[in-house]
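A short write-up of the structure that comes next.
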Amino acid sequence: EIKRIFVCKTELRDACLDQLRQSLTSTRNNLTRNYIDNYIRQWNKKNIVVVWNGHSDKTILKRLDLDNPISNIICYDKYFNKNF
184 EIKRIFVCKT ELRDACLDQL RQSLTSTRNN LTRNYIDNYI RQWNKKNIVV
234 VWNGHSDKTI LKRLDLDNPI SNIICYDKYF NKNF
């Protein structure tokens with residue numbers, strides 16, 4: 184399933200691989216509460232955290248005491264035809 188999505192959407196694949204590479208080579212401590220909070224709140228906009236079927240993600244954000252609105256995606260458009 185993931186392979187098919189990455190074959191169809193190469194820009195998504197490249198962005199994910201680039202983010203993974205940056206995360207693996209980062210020398211900054213980027214998983215602290217302050218870092219995540221500052222990242223979410225940058226650009227002085229009202230931000231929403233989007234998680235994919237993210238029960239554990241929501242639990243982590245609550246434990247970090249981050250109070251941003253969370254949108255939980257629980258389905259996706261398998262064939263890119265707007266049927267969920």
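Add 183 to the 1-based position in the sequence shown for the working numbering, that's all there is to it.
We put the CB at the ideal spot given by N, CA and C, even for glycine.
These numbers come from a predicted model, not from an experiment.
Taking 8 Å as the cut-off, the beta carbon of PRO252 is found closer than this to the beta carbon of ILE231. When the beta-carbon positions are compared, LYS241 and ASN255 come within less than 8 Å of each other. Of the candidates PHE263, TRP226, ASN227 and THR215, the residue whose Cα lies closest to the Cα of ILE243 is THR215. Listed as beta-bridge partners of ILE253 by DSSP are VAL232. A Cβ-Cβ contact shorter than 8 Å links ILE257 with ASN236.
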